[in-house]
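Colleague:
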Amino acid sequence: MTGQLNLVVLGKQGAGKGTQSELLCSRYGLAHISTGDILRAAIQAGSPLGLEVKSVLAAGELVSDDLVNKLVEDRFQDPDTAKGAVLDGFPRNTGQAQALERLLGEGGVRLCIYLDLANELVIQRLSSRRVCQECGTVYKDSDPSAISGTCEKCGGDVVQRSDDTPEAIATRLETFERETFPLLSFYESRDLLVKVNGDQPVAKVSDDIDGLLQGRGLV
Ligand code: AMP
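Numbering (numbering that gives the first Met the number 0), first residue to last: 0 to 218.
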């Protein structure tokens, strides 16, 4: 497994994990594994999994470790993970990080990229975030696609995520501090942690990440 480039992207919601993960995947031919996207697709499809997790997501709470660990394990069976994957929104706590280490083996995660963003900016970004339900493109509430409610890329419905409400945002920030923040020490102790300022234009964040990957000889 160590020949694969598996990267973990960590950050509060709205820090740019999805956008930067997509860029990394297209640049390096990696699979994008977003547990949030997988869960939202299940809810949208009305599958048994979707029915099970719908209220948990809407409240901004975390679904069980067993459930997401299994989703990720299954996803690594897909052929597009051959060169490696960018993990976006997983792991979310130490138990999940340990499960990932068991799955990929020690050294299986090559780098953990923490996109740093202050809480005030998270709240600002999430309150104005709109998302295409079909293709996942993220818009601001002032973008034409958000105003018309129709995605300019695929024609899908552009909506506010059910967990981008003030109450759910507050819960998710608390959950981040309590559950996910300790992961920084987890990866730092393995010399795998790098931090990037998330309060910069998308292209600059992406350049910073590339510089760090190159600096470590990973690309
Ligand atoms: P995200 O799109 O990563 O912000 O995830 C949206 C929601 O999906 C979260 O607020 C959780 O309810 C759930 N979720 C996503 N990933 C995980 C995970 N690794 N562990 C537990 N719950 C998750």
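Backbone N, C-alpha and C fix where the C-beta goes; we use that ideal spot for every residue, glycine too.
1. Just to confirm, is the Cβ distance from T179 to F89 under 7 Å?
2. Should V85 be listed as close to ligand 1, given that the test is whether its C-beta is under 6 Å from any heavy atom?
3. Do you know offhand how far L103's Cα is from V67's?
4. How is S25 classed by DSSP in three states: helix, strand or coil?
5. Taking the alpha-carbon positions, what's the T1 to G107 distance?
6. To which residues of the same chain is S144 closer than 6 Å at the C-beta, ignoring the five residues directly before and after it?
7. Around the C-beta of R220, are 16 or more other C-beta atoms found within 10 angstroms, so that it is buried, or is it exposed?
8. Identify which residue in G83, L50, S54 and E119 has its Cα closest to the Cα of R26.
9. With respect to 6 Å, is the separation between the Cβ of L282 and the closest non-hydrogen atom of ligand 1 below this value?
10. Please indicate yes or no: does the CB of G45 lie closer than 6 Å to some heavy atom of ligand 1?
11. I need the straight-line Cα distance from K251 to Q213, nearest angstrom please.
12. Examine ligand 1 and report whether any of its heavy atoms sits within less than 6 Å of the Cβ of T18.
13. Distance, Cα to Cα, L23 vs A14?
14. Can you find the residues in the same chain that come closer than 7 Å, C-beta to C-beta, to L172, ignoring five residues on each side of it along the sequence?
Modeller: Quick look at the numbers:
1. no
2. no
3. 15 Å
4. helix
5. At T1 the pLDDT is 46, less than 50, meaning the model places this residue with poor confidence and gives no usable figure here.
6. Y138, C150, E151 and V157
7. This structure cannot settle anything about residue 220, because the visible part of the chain is limited to 0 through 218.
8. G83
9. This structure leaves residue 282 out entirely; the chain is present only between 0 and 218.
10. no
11. Residue 251 is absent from the model: the chain starts at 0 and stops at 218.
12. no
13. 15 Å
14. K11, N118 and V121
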